[in-house]
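Q: Following my numbering from start to finish, the sequence shown increments by one per residue and tops out at 258. Ideal Cβ placement from N, Cα and C applies to all residues, glycine included. Please find one structure pasted underneath; my questions will follow.
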Amino acid sequence: MKTKFINMILVLLLVAGFFGFAQPVKAEVTPWPVDGFWNEPAVPSIYDWIYFGLYGETPTDWVCHWNFGDGTTYDQCYVEGAKRYANDGDYTVSLEVTNSLGDVGFTSRVLSVRTHDVSITKFTVPQSARAGQTRQITVSISNSRYPEKVQVELYKDNFVWVGTSVQDVPVRPGNRTTTFTFNYTFTAEDARVGKVTFHAMAFIMENGGDNWPMDNDVVALPTRITR
């Protein structure tokens, strides 16, 4: 009885389809999901070579196409330090992945590039001094990107600490700088040695530090000391 009932239903469906009563079923194709991607550093600077990769397992037979949002692309799933941006900005990075079955997945997000960089452009020390004399030493910091809080440390000879100064350093275009001032009193020991060599170092205290610290460390010519 059950078999006859099923056969009757099938016959009715065929008849309905023949006379146009049944509507065709539309198959909805769901895009293959991509879990997203990571990049290191998370907030790169223009000096950083960036690594990109997919979250989760990445089989070797997958095909990946990256668009970095600045007109450049890459066609491997793992970007091994092969990408660097020329300018700061917000870039939409997109990734298209094709798996071994031919399914295509897509994901994208905005990547922020921010470069924090100050430099010591002038370091002024006296050419000569006498023991017991107090003289001024200045360190000039240039900054053309973002306002920064900067710490400057002054040493003499073999990293003997002299002083520390912290200031807000605004953005100043061109050759304009922010000056850090120190006063140093030369000692009898300085006179006995006959000279003092000063050493200045600058650090960005926030925003992850300076992205290009090579120009933040300056040693001055020796100052000649007499009694």
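Taking the Cβ atom as the reference point for each residue, do valine 193 and lysine 187 lie within a distance shorter than 7 Å?
A: Reading the sequence shown from its first residue, position 162 is the one you call residue 193. Reading the sequence shown from its first residue, position 156 is the one you call residue 187. The answer is yes: Cβ separation under 7 Å.
Q: Whose CA, out of Glu179, Tyr177, Thr195, Pro178, lies closest to the CA of leucine 185?
A: Against the sequence shown, residue 185 aligns to sequence position 154. Measuring from the Cα of leucine 185, the nearest candidate turns out to be Thr195.
Q: Thinking C-beta only, is proline 75 closer than 7 Å to valine 144?
A: Counted from its first residue, the sequence shown places residue 144 at position 113. Counted from its first residue, the sequence shown places residue 75 at position 44. Yes, the pair counts as a contact, with Cβ atoms nearer than the cut-off.
Q: Below 8 Å on the Cβ atoms is my guess for asparagine 70 versus isoleucine 81; work out the distance and round it to an integer in Å.
A: Translated into the one-based positions of the sequence shown, residue 70 becomes position 39. Translated into the one-based positions of the sequence shown, residue 81 becomes position 50. Right, the Cβ-Cβ distance comes to about 6 Å (below 8 Å), so this counts as a contact.
Q: Would you report the Cα separation of valine 128 and phenylalanine 83, rounded to the nearest angstrom?
A: For the purposes of this step, residue 128 is taken as residue 97 along the sequence shown, with counting starting at 1. For the purposes of this step, residue 83 is taken as residue 52 along the sequence shown, with counting starting at 1. Taking the straight line joining both Cα atoms gives about 14 Å.
Q: Check whether the Cβ atoms of valine 224 and isoleucine 151 sit closer than 7 Å, and answer yes or no.
A: Along the sequence shown, read from residue 1 onward, the residue named residue 224 stands at position 193. Along the sequence shown, read from residue 1 onward, the residue named residue 151 stands at position 120. No, the pair does not count as a contact, with Cβ atoms beyond the cut-off.
Q: Here's the rule I'm using: 16 or more other beta-carbon atoms within 10 Å means buried, otherwise exposed. How should tyrosine 215 be labelled?
A: Taking the sequence shown and counting its residues from 1, the one referred to as residue 215 is at position 184. By the 10 Å Cβ count, tyrosine 215 comes out buried.
Q: For a quick check, are the C-beta atoms of tyrosine 86 and aspartate 66 less than 7 Å apart?
A: By one-based count along the sequence shown, residue 86 stands at place 55. By one-based count along the sequence shown, residue 66 stands at place 35. Contact: yes.
Q: Cutting at 8 Å between CB atoms, please list the residues of its own chain near arginine 255, excluding the five before and the five after it.
A: Residue mapping note: residue 255 aligns to position 224 of the sequence shown, counting from 1. Closer than 8 Å at Cβ, skipping near neighbours: Gln158, Ser159, Ala160, Gly225, Lys226.
Q: Have a look at serine 139 and tyrosine 109 and give me their C-alpha separation to the nearest angstrom.
A: As a working mapping, residue 139 is identified with position 108 in the sequence shown. As a working mapping, residue 109 is identified with position 78 in the sequence shown. Approximately 15 Å, taken between the alpha carbons.
Q: Going by C-alpha to C-alpha distance, which of Ala73, Ile172, Thr257, Glu179 sits closest to threonine 212?
A: Along the sequence shown, one-based indexing puts residue 212 at 181. The shortest Cα separation from threonine 212 among Ala73, Ile172, Thr257, Glu179 belongs to Ile172.
Q: Mind listing, in chain order, the continuous beta strand (DSSP E) runs of no fewer than 3 residues lying wholly within the segment 217–247?
A: Listed in chain order, they are 229–235.
Q: For chain C, is any of its Cβ atoms less than 7 Å away from the one on threonine 216?
A: In summary, chain C is missing from the structure at hand, where a single protein chain is found.
Q: If you measure between the beta carbons of histidine 147 and isoleucine 235, is that distance less than 7 Å?
A: Mapped onto the sequence shown, residue 147 falls at position 116. Mapped onto the sequence shown, residue 235 falls at position 204. Going by C-beta atoms, histidine 147 is nearer than 7 Å to isoleucine 235.
Q: Mind checking whether valine 156 and phenylalanine 229 have CB atoms under 7 Å apart?
A: Within the sequence shown, the letter at position 125 stands for residue 156. Within the sequence shown, the letter at position 198 stands for residue 229. Yes, they are a contact pair.
Q: Where does leucine 252 land, buried or exposed, given buried means 16+ other C-beta within 10 angstroms?
A: Within the sequence shown, residue 252 is the residue found at index 221, counting from 1. Answer is exposed; the Cβ neighbour count stays below 16.
Q: Can you name the start and end residues of the beta strand (DSSP E) that tryptophan 80 belongs to?
A: Mapped onto the sequence shown, residue 80 falls at position 49. Note, tryptophan 80: premise wrong, no beta strand (DSSP E); not H, not E.
Q: Around the C-beta of threonine 208, are 16 or more other C-beta atoms found within 10 angstroms, so that it is buried, or is it exposed?
A: By one-based count along the sequence shown, residue 208 stands at place 177. Under this definition threonine 208 is a buried residue.
Q: Provide the residue(s) that pair with histidine 96 in DSSP beta bridges, ordered along the chain.
A: Within the sequence shown, residue 96 is the residue found at index 65, counting from 1. Looking at the DSSP assignment, histidine 96 forms a beta bridge with Glu127.
Q: Just mark phenylalanine 68 as buried or exposed, buried being the case when its beta carbon has 16 or more other beta carbons within 10 Å.
A: Start at 1 with the first residue of the sequence shown, and residue 68 comes out as number 37. When all chains shown are included, phenylalanine 68 counts as buried.
Q: Restricting to Cα atoms, I'd like to know which of Asp134, Asn130, Phe190, Gly112 is closest to glutamate 88.
A: Position 57 of the sequence shown, counting from 1, holds the residue named residue 88. Nearest of Asp134, Asn130, Phe190, Gly112 to glutamate 88, Cα basis: Asn130.
Q: Determine the closest residue to tyrosine 122 out of Thr104, Leu132, Gly112, with distance taken between C-alpha atoms.
A: The sequence position of residue 122 within the sequence shown is 91, counting from 1. Comparing Cα positions, the closest option is Thr104.
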